[in-house]
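What follows is a set of notes on a single structure, which appears directly below.
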Amino acid sequence: MPSSSSPAAAAAGEGSGRKKAAGRRLAGVMLLLRLASLCFAVAAAAFAATDGAALRAAPFRFLLAANAIVAVYSAFEVAAAAWEVAGGATLLPEAMQLWFDFGHDQGFGYMALAAAAAAAREAATCGSHGGGTACVQGDIAVGLGFAGFAAVAAAAAASGYRLACFLATGSRSPASPSSSPY
Numbered sequence: 019m020p021s022s023s024s025p026a027a028a029a030a031g032e033g034s035g036r037k038k039a040a041g042r043r044l045a046g047v048m049l050l051l052r053l054a055s056l057c058f059a060v061a062a063a064a065f066a067a068t069d070g071a072a073l074r075a076a077p078f079r080f081l082l083a084a085n086a087i088v089a090v091y092s093a094f095e096v097a098a099a100a101w102e103v104a105g106g107a108t109l110l111p112e113a114m115q116l117w118f119d120f121g122h123d124q125g126f127g128y129m130a131l132a133a134a135a136a137a138a139r140e141a142a143t144c145g146s147h148g149g150g151t152a153c154v155q156g157d158i159a160v161g162l163g164f165a166g167f168a169a170v171a172a173a174a175a176a177s178g179y180r181l182a183c184f185l186a187t188g189s190r191s192p193a194s195p196s197s198s199p200y
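Going letter by letter, the sequence shown gives residues 19 to 200 in the working numbering.
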């Protein structure tokens with residue numbers, strides 16, 4: 019038997035399906051970005067922590083502390099993103115989760131960048147002291163710190179996009195294209 023639903027209702031249902039698929043894709047991208055920031059932050063903290071000579075310098079201690087903090091935050095965000103991908107809902111109420119993510123991404127991204135920049139300046143002078151492997155290990159920690167910042171910055175851009183979608187449409191998913199030909 020033919021369905022009694024109107025073509026407009028069918029088009030609305032199709033648009034809703036596209037909107038959900040776009041939201042799932044964006045949540046999946048967010049999960050990958052959060053996982054990348056976690057991996058880079060943990061690796062940068064590990065390299066900074068195992069370099070005893072570099073830890074005598076305050077910028078490397080700052081790099082270690084900042085990346086450890088970013089790693090803890092990223093672990094929480096990986097769990098929240100996995101929860102969202104698996105269940106389709108956020109841990110916190112939607113508006114609160116979006117503002118939490120956007121604000122903390124900005125703050126922790128800046129902290130990661132500041133720490134990597136401070137340690138990079140110190141690492142640049144390391145070669146003149148004849149540090150050898152300690153200098154190489156410090157350079158790797160700085161590079162991983164910058165990579166961690168890049169991942170947090172990309173996640174901040176994506177969370178900013180989700181927040182803008184929420185403010186514009188009332189949903190964290192991007193608006194679906196209209197089925198109207200006009």
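Cβ coordinates follow ideal geometry from the N, Cα and C atoms, glycine included.
query: Give the DSSP-derived three-state secondary structure of Leu82 in the structure shown.; result: helix
query: Near Ala186, what residues of its chain come up, given a Cβ to Cβ distance below 6 Å and the 5 sequence neighbours on each side ignored?; result: none
query: What span of residues does the alpha helix (DSSP H) with Ser177 cover, start to end?; result: 151 to 187
query: Looking at C-beta atoms only, is the number of pairs between the stretch 50 to 61 and the stretch 165 to 174 that lie closer than 8 Å three or more?; result: yes
query: Relative to the C-alpha of Ala159, which residue among Pro77, Gly106, Leu53 is closest?; result: Pro77
query: Where Arg42 and Ala176 are concerned, what is the direct C-alpha to C-alpha distance, given to the nearest angstrom?; result: 13 Å
query: Let me know the secondary structure DSSP gives Pro77 once reduced to three states.; result: helix
query: Quick one: what does DSSP say Leu109 is sitting in, helix, strand or coil?; result: coil
query: By Cβ distance below 6 Å, which residues in the same chain neighbour Met129 in space, the five residues on each side in sequence not counted?; result: Ala84
query: Rounded to a whole number of angstroms, what is the C-alpha to C-alpha distance between Val90 and Ser189?; result: 28 Å
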